[in-house]
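For reference, the structure is listed below as C-alpha cells.
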Amino acid sequence: MPLWKKKKAAEPAAPLDVLRWKIVAVNILFAAMVVATLCFVAARQGKNALEEKHRLAFASLCSALEQPILETQTIDHKAIYSSAVENRLVPALFEKGAPIENPYLQGDDAAPLLTLSEPMLEEARQSVDGQNGLWAKTVVRQAYTLRDGSALWFAEYCAIPTASGNWIELYLFQDAATFRQEWGRMQLLYVAVAAGGVLALGALAFALTGWAMQPARRAERMEREFLAAASHELKSPLAVIITSAELLPSGGEEAKYRANILSEAHRMAQLVQELLSLSRLETAARQIMPAKLDTEAFLWEVYETWQPVAAKAGDRLTLRLPDGALPPIRADEDALKQVMAILLSNAVQHTPSGTQIELSAVAAGRTVCLSVADTGPGIADKERAFQKFYRADPQTGDASLGLGLSIAQKLVALHHGSITIRDTPGGGATLQVTIPQA
36 MPLWKKKKAA
46 EPAAPLDVLR
56 WKIVAVNILF
66 AAMVVATLCF
76 VAARQGKNAL
86 EEKHRLAFAS
96 LCSALEQPIL
106 ETQTIDHKAI
116 YSSAVENRLV
126 PALFEKGAPI
136 ENPYLQGDDA
146 APLLTLSEPM
156 LEEARQSVDG
166 QNGLWAKTVV
176 RQAYTLRDGS
186 ALWFAEYCAI
196 PTASGNWIEL
206 YLFQDAATFR
216 QEWGRMQLLY
226 VAVAAGGVLA
236 LGALAFALTG
246 WAMQPARRAE
256 RMEREFLAAA
266 SHELKSPLAV
276 IITSAELLPS
286 GGEEAKYRAN
296 ILSEAHRMAQ
306 LVQELLSLSR
316 LETAARQIMP
326 AKLDTEAFLW
336 EVYETWQPVA
346 AKAGDRLTLR
356 LPDGALPPIR
366 ADEDALKQVM
376 AILLSNAVQH
386 TPSGTQIELS
396 AVAAGRTVCL
406 SVADTGPGIA
416 DKERAFQKFY
426 RADPQTGDAS
436 LGLGLSIAQK
446 LVALHHGSIT
456 IRDTPGGGAT
466 LQVTIPQA
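Under my numbering, the sequence shown has 366 at position 331, and the numbering climbs by one with no breaks.
As C-alpha cells, then:
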C-alpha cells in the first residue's frame, strides 16, 4: 500500500465528547476558583503564623541581649557581637543620645536603618525624654518592622534606665531573609497543592462524566446501529420496488401510478442513502483521501452538473469566480462534491421557484472559501441547522429528514475545514465552506 494512503484525516469530535469536555472545563473552572480561594485564605493565615513565629523568636533574642544590661548595668560587647554574627543582627547602642562604639563591630550598618526608624519611634523617644534625668526602673520597648526597598527587617527599640539616671538605648535589627525564604517555599507549596487539587478534581470530573454518559453513549450507539441496519435492510426492497415500477407500462391510466411509485421510491432511496452516509460518518467508517484539487475546474464541474437541475426547478444558478486564479485546495473530490450537492440541493428544494442561486469562491489566507448563496427565505436558527433531524418547518410536509447539513458539516470537518451560515444581503442564506489550500 502506498504511504500516502496510510494517512487519515482527523475525525471530528463526537457531540457527547464535546459535551463531556465542556462539563469538565466548567468543573475545573469552578474547582480552580474554590481551591484558589481556600489556598489564598490559608496562605494569609500561614503567612501571619509564620511571621508571628519569627517575631517571637526575634523578641526572645532581643530579651536575651537586653536582660544582662538591665541587671548588671554593663554592656557585654563581645556577647552582642557574637549574637549579631550568629543571628544576622545589626545592633546599635546609645547613651545620652551619643553612640556607644562596639570594639568588635566594624562599620556602621545601622545608620540607614536608624534613619528609617525615626518616624516609628517618635512616641517611644518622647517617653524616654520625659523621664530623662530621673531614676526609674521602667524599660521602654517597641517592636516594629522596617522595609528598605525589597528588604524586610524585624526591629526592636529598648530604652534601659541606669543607676546614674541615664538611659541606654539599644536598637536591634534582624534581616528577615529566613522568613522570606520560608514564605517563598510555603507559597510554592500552596501553588502545588492548588494545582494538584484542581487536576485531581478535573480527573475526578472527567471520570464521573464518563461514567454518567455511559447510558447516553449506549443509546447513541444503538441509534447508529439501528440506522445502519435499517438502512441496509431497506436498500434491497427499495431496489425491487424501483425496478418493478420501471417495468410497468409507461402509457395509459397506470402511467400516473407508475410515476408516483418511482418518485416516492427515489425519495425514499435518497433518505436511506443519507442515513447510510450519516451512519458511516458517525462510526468513522467513512474515510477521505485528500489530494491536490484544481478549485476552478472543480467548481465548473459542480456548476455544469447543477445548472440544469436548478433550471428545471425554475431557479437561476450562476457561477462567480474572482479575476485572479484561485489556488488549488487539498480535498477528497467525491466527498467535497457531496458537500456541494447538499448545499445546492437545499438551495433548490427549500426556496421558492425563481430564486437566484450563486456559486462562488474566494481565497482567504491559507484557505479557499466556497459559497452557495440564495435569495430565499433564509435560515432563522443557524445554530440548530446542523443538528441531525432538524427541519426549519416540520409542518410543510417536506420529506427531508434534516440530515443534509449534518452530513456536510462532518465531511467538511474531515477536511480540517469549517462550514458556516450567514444571511445573504437582501434576504436569503449563504452557506460558506472553508477548505485549506494545497
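For glycine and all other residues, C-beta sits at the position ideal for the given N, C-alpha and C.
Inset, instruction - Please classify N83: is it buried, with 16 or more other beta-carbons within 10 angstroms of its beta-carbon, or exposed? - result: exposed
Legend entry - Cβ contact (3+ pairs, closer than 8 Å) linking the segment 114 to 125 and the segment 226 to 246: Short answer: they don't touch.
Legend entry - Straight-line Cα distance separating E331 from D458: Distance between the alpha carbons of D458 and E331: 25 Å.
Inset, instruction - Can you grab the Cα-Cα spacing for the pair E299 / A420, in whole Å? - result: Cα to Cα, the separation comes out at about 25 Å.
Legend entry - Buried or exposed (CB count within 10 angstroms, at least 16 for buried), S406: Buried is the call here.
Inset, instruction - Give every residue of the same chain whose Cβ lies closer than 6 Å to the Cβ of I58, excluding the five residues on either side of it in the sequence, and list them in chain order. - result: T244
Inset, instruction - Compare the Cα-Cα distances from H89 to each of P412, G359, A212 and report the closest residue. - result: A212
Inset, instruction - If I'm right that I104 touches V233 with Cβ under 8 Å, what's the distance once you round it to whole angstroms? - result: That pair is no contact at about 54 Å.
Legend entry - Segment limits, alpha helix (DSSP H) that includes Y206: Where Y206 is concerned, there is no enclosing alpha helix (DSSP H), although the beta strand (DSSP E) it sits in stretches over 202 to 210.
Legend entry - Endpoints, alpha helix (DSSP H) assigned at E106: 50 to 107
Inset, instruction - Under 8 Å Cβ to Cβ from G413, same chain only, skipping five residues before and after it: list those, please. - result: D458, T459, G462, G463, A464
Legend entry - Terminal residues of the alpha helix (DSSP H) in which Q384 lies: First-last of the alpha helix (DSSP H) with Q384: 368 to 384.
Legend entry - N- and C-terminal bounds of the beta strand (DSSP E) containing A346: No beta strand (DSSP E) holds A346; the alpha helix (DSSP H) holding it covers 330 to 347.
Inset, instruction - Below 6 Å CB to CB, which residues in the same chain sit around A178 once its five sequence neighbours on both sides are set aside? - result: E191
Inset, instruction - Report, in whole angstroms, the separation of the C-beta atoms of V125 and L148, which I expect to be a contact under 8 Å. - result: 6 Å
Inset, instruction - Take every Cβ of the segment 126 to 134, pair it with every Cβ of the segment 244 to 253, and state whether three or more of those distances are shorter than 8 Å. - result: Contact between the segment 126 to 134 and the segment 244 to 253 is absent, because fewer than three Cβ pairs lie under 8 Å.
Inset, instruction - Sort N381, G359, R302 by Cα distance to W341 and report the nearest one. - result: N381
Legend entry - P126 - containing beta strand (DSSP E), residue span: 124 to 130
Inset, instruction - On a CA-only basis, which of V228, T180, T197, L156 is nearest A66? Give me that one, please. - result: Out of V228, T180, T197, L156, V228 has the C-alpha closest to the C-alpha of A66.
Inset, instruction - For R302, count neighbouring C-beta atoms within 10 Å of its own C-beta (all shown protein chains included) and say buried if the count is 16 or more, exposed if not. - result: exposed
Inset, instruction - Flag this pair as touching only if the segment 95 to 103 and the segment 193 to 211 have three or more C-beta atom pairs under 8 Å; answer yes or no. - result: yes
Inset, instruction - Find out if the Cβ-Cβ distance for the pair E101, L205 is shorter than 9 Å. - result: Yes, the pair counts as a contact, with Cβ atoms nearer than the cut-off.
Legend entry - Contact under 9 Å by Cβ, I442 with Q373: The beta carbons of I442 and Q373 sit closer together than 9 Å.
Inset, instruction - Classify R55 as buried or exposed, calling it buried when 16 or more other Cβ atoms lie within 10 Å of its own Cβ. - result: Looking at its Cβ environment, which holds 16 or more other Cβ atoms inside 10 Å, R55 is buried.
Legend entry - V76 to A186 span [Cα, whole Å]: 25 Å
Inset, instruction - Please list, in chain order, all residues of the same chain as C74 whose beta carbon is under 7 Å from its beta carbon, the five residues on each side excluded. - result: Y225, V228, A229
Inset, instruction - Go ahead and label T469 buried or exposed: buried means 16 or more other beta carbons lie within 10 angstroms of its beta carbon, across all protein chains shown. - result: buried
Inset, instruction - Name the two residues that bound the continuous beta strand (DSSP E) containing V403. - result: 402 to 409
Inset, instruction - Using three-state DSSP, classify I110 as helix, strand or coil. - result: DSSP places I110 outside both helix and strand once states are collapsed to three, so it counts as coil.
Inset, instruction - Look at E368 and A396 and say whether their C-beta atoms are less than 9 Å apart. - result: no
Legend entry - Nearest residue (CA-CA) to Q322, options Q80, L449, V53: Closest option to Q322, Cα to Cα, is L449.
Legend entry - Burial state of D350 (16 or more Cβ within 10 Å): buried
Inset, instruction - Please say whether A348 and V403 have beta carbons closer to each other than 9 Å? - result: no
Inset, instruction - Have a look at Q305 and L273 and give me their C-alpha separation to the nearest angstrom. - result: Separation of Q305 and L273 (C-alpha to C-alpha, rounded to the nearest whole angstrom) is 10 Å.
Inset, instruction - Reducing DSSP to helix, strand and coil, say where L239 ends up. - result: helix
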